[in-house]
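Colleague:
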Amino acid sequence: MDSILSILREYGMLLLVGQYPNGPLGGLAITLLLSVLGLALAFPLGVAIALARMSAFACLRLPALAVIYVVRGVPLVMFIFWVYFFVPVLTGRTVSGFTTMVVTLVIYQAAYLAEIVRAGIEGLPSGQAEAARAIGLNYRQAMTKVVLPQALYNMVPALVSQFVSTIKETSLGYVISVNELTFAANQINSSLMTQPFQVYFVLAAIYFCLCFSLTRLARWLERRIAARREGDAAAARATASAAIPSVAPQQAA
Amino acid sequence: MGSKLDFSVLGRGDYPQWIWHGVLTMFELTAAAWLFAMALGTLLAVVRMSDSRVAKACVAGYVEYHQNVPMLVQVFLWYFGMPALLPHAGQQWLNAHDSEFLLAFISIGLCMAAYVSEGLRGGIRSIPKSQLEAARAIGLSYLQASRLVMVPQALRIALPTLVSHTVLLFKNTSLAMTVGLAELTYVTREIESQSFRTVEVYLLSTVIYLGVSLLIMTVGTGLENRYRIRAR
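Protein chains in written order, with numbering that gives the first Met the number 0: chain Z, 0 to 252; chain Y, 0 to 231.
Here it is in structure tokens:
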């Protein structure tokens with residue numbers, strides 16, 4: 000226990016921000032930056048892939064399907080190496096490990112997000128899309144004004160969970176020496192030499208605190224959204240049943 | 000990299016043997032960790048269904064820990080951390096008994112057990128309680144009711160989750176690379192750094208990973224269709 004506290008005292012800042020004021024930003028700060036960038040940039044791509052996946056046109060649907068299957072079938076480490084070797088070839092200049100990791104995460108997360116978005120859209124009653132089309136909206140309007148806003152709202156908990164996965168996946172930046180949290184812990188371990196268990200325990204504890212609180216947030220949001228939808232549905236039923244008697248006599252007349 | 004693809008490089012020297020060995024290790028690790036994760040995961044799910052609050056809380060803590068800490072960190076904790084806690088004799092025993100494989104298998108298996116138990120628990124919870132009550136009412140004991148009525152239905156419901164977790168476990172065996180276990184990803188990097196034929200080597204192992212994953216998914220979908228619960 001003493002050794003854990005002394006690791007935290009001595010290397011706490013290294014774990015949080017790397018060598019920041021005197022060197023590059025690193026540690027937990029880079030882990031979070033990678034996760035936020037990865038998920039934020041992957042999101043529009045994920046929606047696009049999801050819409051392509053559900054498209055009536057095979058020329059859109061099949062490539063989207065292929066992307067999803069390839070990403071789900073190949074380990075993230077493999078992807079990191081591909082991006083690591085190919086982004087420099089494609090752009091013609093060397094690219095930092097950070098950029099490599101962002102590119103990898105965007106491709107990887109987009110495919111997973113696409114499945115979440117699809118589930119969100121398919122989870123909506125199909126009457127929503129049909130009604131939107133029936134009142135004269137075109138496909139794009141129906142999607143952006145009726146279907147996506149509802150689907151995305153329902154998806155918020157899944158997005159938070161995906162953020163947790165992204166945080167966990169950034170740890171793999173270690174294999175291409177991205178200066179993130181796991182990398183910082185490895186630095187500490189190699190300078191201490193004698194306390195590997197304590198160092199990795201601290202590392203696990205930091206990830207746990209971060210991810211566990213987000214998991215809890217996701218669950219709380221899920222319950223809240225479910226309750227609100229339930230409430231809306233109940234309210235709608237109440238108005239409907241209240242409306243029927245007042246309408247019925249008119250129809251009778 | 001302007002030159003054409005030349006796959007003959009993969010046939011040179013010891014490379015075929017390396018690749019074969021890497022693929023074998025990958026399968027061994029997958030199979031061992033899968034069996035371990037399934038067994039422990041089932042046990043955890045059953046314990047979590049029990050009435051004991053303490054047992055439930057312990058399993059919940061176990062599951063939360065494994066779901067919220069990156070698997071790479073767990074592999075490091077087991078591979079670098081745990082042996083340091085062991086007495087000298089224990090460390091020697093580990094080194095003599097393929098510690099890379101053993102500790103990678105333990106860390107990946109323990110982690111996936113948490114996912115498996117959550118999948119099974121979801122399956123069990125989604126069965127109406129009346130099923131159990133009905134089974135008890137026709138005179139089955141609790142164990143019989145579980146074995147003959149609850150578990151078969153729970154397994155069927157949890158099957159898609161278990162299949163995707165199997166793919167996840169298979170993909171995660173690549174993490175053993177970081178502790179120097181010569182599985183496919185490790186071998187791929189070795190050959191790449193010796194031959195400099197990046198595309199060919201990575202293409203081969205990517206195709207192998209993709210092929211096995213698609214196979215697992217296809218078999219899984221087949222099982223799902225076969226064992227789907229049909230409404231009468």
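Ideal Cβ positions, reconstructed from N, Cα and C, are used throughout, including at glycine.
Quick check on residue 209(Y): does DSSP put it in helix, strand or coil?
Modeller: Here the question's residue 209(Y) lines up with position 210 in the second sequence. Three-state DSSP puts residue 209(Y) in a helix.
Colleague: Quick one: give me the first and last residue of the alpha helix (DSSP H) that residue 93(Z) is part of.
Modeller: Start at 1 with the first residue of the first sequence, and residue 93(Z) comes out as number 94. Unbroken run through residue 93(Z): none, as it is neither H nor E.
Colleague: Quick check on residue 211(Y): buried or exposed, where buried means 16 or more other Cβ atoms within 10 Å of its Cβ?
Modeller: For the purposes of this step, residue 211(Y) is identified with residue 212 of the second sequence, where counting begins at 1. When all chains shown are included, residue 211(Y) counts as buried.
Colleague: Assuming residue 187(Z) and residue 13(Z) make a contact with CB atoms under 8 Å, what is their CB distance in whole Å?
Modeller: The count along the first sequence starts at 1 and reaches residue 187(Z) at position 188. The count along the first sequence starts at 1 and reaches residue 13(Z) at position 14. The pair is a contact, with the Cβ atoms about 7 Å apart (cut-off 8 Å).
Colleague: With 7 Å as the C-beta to C-beta threshold (strictly closer), list the residues of the region 181-199 of chain Y near chain Z in chain order.
Modeller: Listed by position along the chain: 184, 197.
Colleague: Does the beta-carbon distance from residue 29(Z) to residue 179(Z) come in below 9 Å?
Modeller: Counting from one through the first sequence, the residue named residue 29(Z) turns up at place 30. Counting from one through the first sequence, the residue named residue 179(Z) turns up at place 180. Yes.
Colleague: Check whether the Cβ atoms of residue 186(Y) and residue 78(Y) lie closer than 9 Å to each other.
Modeller: As a first step, residue 186(Y) is located in the second sequence; it is residue number 187 there, counting from the start. As a first step, residue 78(Y) is located in the second sequence; it is residue number 79 there, counting from the start. No, the pair does not count as a contact, with Cβ atoms beyond the cut-off.
Colleague: Report yes or no: do three or more beta-carbon pairs, one from the region 36-49 of chain Y and one from the region 105-116 of chain Y, lie closer than 8 Å?
Modeller: The region 36-49 of chain Y is in contact with the region 105-116 of chain Y.
Colleague: Residue 83(Y) versus chain Z: which residues are under 7 Å apart at the beta carbon?
Modeller: Along the second sequence, read from residue 1 onward, the residue named residue 83(Y) stands at position 84. In chain order: 195, 196.
Colleague: Kindly indicate which three-state DSSP category residue 179(Y) falls into: helix, strand or coil?
Modeller: Stepping through the second sequence from its first residue, residue 179(Y) is reached at position 180. It is coil, neither helix nor strand.
Colleague: Considering only the beta carbon of each residue, do residue 181(Y) and residue 21(Y) sit closer than 9 Å?
Modeller: Taking the first residue of the second sequence as position 1, residue 181(Y) is located at position 182. Taking the first residue of the second sequence as position 1, residue 21(Y) is located at position 22. Yes, the Cβ-Cβ distance between residue 181(Y) and residue 21(Y) is below 9 Å.
Colleague: Where are the alpha helix (DSSP H) runs, 4 residues long or more, that stay fully inside the region 35-122 of chain Y, in chain order?
Modeller: 52-67, 70-75, 81-84, 87-95, all fully within the region 35-122 of chain Y.
Colleague: Given residue 73(Y), which residues of its chain have a CB within under 6 Å of its CB, disregarding the five upstream and five downstream residues?
Modeller: Position 74 of the second sequence, counting from 1, holds the residue named residue 73(Y). Within the same chain, residue 73(Y) has close Cβ partners 106, 110.
Colleague: Counting only the same chain and skipping the five closest in sequence on each side, list residues whose C-beta sits under 8 Å from that of residue 134(Y).
Modeller: The residue given as residue 134(Y) occupies position 135 in the second sequence. Excluding residues within five positions, the ones whose Cβ falls inside 8 Å are 143, 144, 147, 148, 149.
Colleague: Identify the continuous alpha helix (DSSP H) that holds residue 182(Z) and give its terminal residues.
Modeller: As a working mapping, residue 182(Z) is identified with position 183 in the first sequence. Its alpha helix (DSSP H) spans residues 180-191.
Colleague: Going by CA-CA distance only, name the one from 89(Y), 193(Y), 33(Y) that's closest to residue 12(Y).
Modeller: The sequence position of residue 12(Y) within the second sequence is 13, counting from 1. Considering only alpha carbons, the answer is 193(Y).
Colleague: Within 9 Å of any Cβ in chain Z, is that where the Cβ of residue 7(Y) sits?
Modeller: Walking along the second sequence from the start, residue 7(Y) turns up at place 8. Output row for residue 7(Y): interface = no.
Colleague: Using a Cβ-Cβ cutoff of 9 Å, what residues of the region 157-174 of chain Z are near chain Y? List them in chain order.
Modeller: For the region 157-174 of chain Z, which is checked against every Cβ of chain Y, the residues closer than 9 Å are 163, 166, 167, 168, 169, 170, 171, 173, 174.
Colleague: Where does residue 172(Z) fall in DSSP's three states?
Modeller: Stepping through the first sequence from its first residue, residue 172(Z) is reached at position 173. If DSSP states are grouped into helix, strand and coil, residue 172(Z) belongs with the helices.
Colleague: Rounded to whole angstroms, what is the Cα-Cα separation between residue 155(Z) and residue 3(Y)?
Modeller: As a first step, residue 155(Z) is located in the first sequence; it is residue number 156 there, counting from the start. As a first step, residue 3(Y) is located in the second sequence; it is residue number 4 there, counting from the start. So the two alpha carbons sit approximately 46 Å from each other.
Colleague: Excluding the 5 residues preceding and the 5 following residue 181(Z) in the sequence, name in chain order all residues of the same chain whose CB lies nearer than 6 Å to its CB.
Modeller: Mapped onto the first sequence, residue 181(Z) falls at position 182. 170, 173.
Colleague: My understanding is that residue 103(Y) touches residue 28(Y), with C-beta atoms under 8 Å, so please give their C-beta distance in whole angstroms.
Modeller: Counting from one through the second sequence, the residue named residue 103(Y) turns up at place 104. Counting from one through the second sequence, the residue named residue 28(Y) turns up at place 29. Indeed, because the Cβ distance is near 6 Å, the residues count as touching under 8 Å.
Colleague: Could you give the uninterrupted runs of the alpha helix (DSSP H) lying entirely in the region 93-151 of chain Z, keeping only those of 4 residues or more?
Modeller: Runs found: 96-122, 125-133.
Colleague: Under 8 Å Cβ-Cβ, which residues of chain Y neighbour residue 199(Z)?
Modeller: What you label residue 199(Z) is simply residue 200 of the first sequence in a count that begins at 1. Chain Y residues near residue 199(Z): 72, 75, 76, 79, 80.
Colleague: Step through the CB atoms of chain Z and report whether any lies within less than 9 Å of the CB of residue 66(Y).
Modeller: Your numbering for residue 66(Y) matches position 67 in the second sequence. Output row for residue 66(Y): interface = yes.
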